[in-house]
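Just below is one structure, and these are the notes that go with it.
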Ligand code: SF4
């Protein structure tokens, strides 16, 4: 039985890079659902409209059967829901095996994950997921600053992110981390930058992606903003934070870097930030020094 008010097939979130992937709902909602900056599974007055649930295996298999029937072969497959890795490894392995059995030439299988889900799994379990064909895991690091993570009720600290990230990389599962520019507001911007650069340096993830914080009335942080307890940074400061994170990375970092979210103020990317660091910083500086950025309006939250 599916318990959510909104069917997990009606509202599915996925990273922008999975826009053309086959989406298979595996969990609904998010097992945590407390991050102050997130309105993904909340409606007005923060009412939870998609309850967290690990979906019945039959229900997941039916979606895969239907995709096979409609000829969805050759597509990447994205296992949707807040954090499918909250489910048992056996359950996930069954799903990935079924995907690879029913659909031909699947380019990759990926999903979102929370760091604590990964820490709860043994190295052997992660290896089983890799062997079944889980190629990439997306994780919202948001910030490396423990102060910011605590204020935003992320429920995970920097150390857990480092441990979980290293575990995934050791199991040879690709890791794509999200960094949320502006999450420290004006007050903690510096700590957000320096600590995020430190955590990224420790993990050296396969990929990291920037997204810019936007605050709408459907997210708890809106009230902090209204009360003057949180101050958003200006458009140009998102670029300054991004530049300073890149500038403070250790020399070991070889990650791919993307700005592939519509909320961002620039769209530069790198296949290897170790090689492109100077070019990246120079390009960001050319935006930062452009006087039009000083009067630019903040983008509407997305
Ligand atoms: S940001 Fe991720 S972990 Fe936090 S509430 Fe939203 S979906 Fe859940």
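In my numbering, the protein residues as written are 1 to 302.
We put the CB at the ideal spot given by N, CA and C, even for glycine.
All values reported here derive from a predicted model rather than from experimental measurement.
For residue 173, the nearest candidate out of 106, 57, 132 (CA to CA): 132
Tell me whether the beta-carbon of residue 169 lies closer than 7 angstroms to the beta-carbon of residue 177. No, they are not a contact pair.
Could you tell me the boundaries of the beta strand (DSSP E) in which residue 174 lies? 174-181
Is it buried or exposed for residue 241, if we count other Cβ within 10 angstroms and need 16 for buried? buried
Determine the extent of the beta strand (DSSP E) in which residue 80 is found, giving its start and end residues. 77-80
In three-state terms, what does DSSP make of residue 37? Coil at residue 37, not helix or strand.
When the distance is taken between beta carbons, is residue 212 closer than 7 angstroms to residue 264? yes
What first and last residue would you give for the alpha helix (DSSP H) that runs through residue 258? Counting along the chain, residue 258 falls outside any alpha helix (DSSP H), though it belongs to the beta strand (DSSP E) covering 256-258.
Is the closest heavy atom of the ligand SF4 to the C-beta of residue 303 under 6 angstroms? Because the chain in this structure spans residues 1 to 302, residue 303 falls outside the shown range and cannot be described.
Mapping DSSP to helix, strand and coil, what is residue 296? coil
Here's the rule: buried if 16 or more other CB atoms are within 10 angstroms of the residue's CB, otherwise exposed. What is residue 206? Residue 206 should be labelled buried.
The ligand SF4 and residue 35: does the residue's C-beta get closer than 6 angstroms to at least one heavy atom of that ligand? yes
By a C-beta neighbour count over all protein chains shown, 10 Å radius and 16 as the cutoff for buried, is residue 41 buried or exposed? buried
Alpha carbon of residue 110 to alpha carbon of residue 204, nearest angstrom: 19 angstroms
Should residue 40 be listed as close to the ligand SF4, given that the test is whether its C-beta is under 6 angstroms from any heavy atom? yes
Would residue 89 pass as an interface residue toward chain D - the criterion being a Cβ-Cβ separation below 7 angstroms? No chain D is part of this structure, which consists of one protein chain only.
Closest to residue 232 by C-alpha separation, out of 184, 12, 279, would be which residue? 184
Secondary structure at residue 86, three-state DSSP: helix, strand or coil? helix
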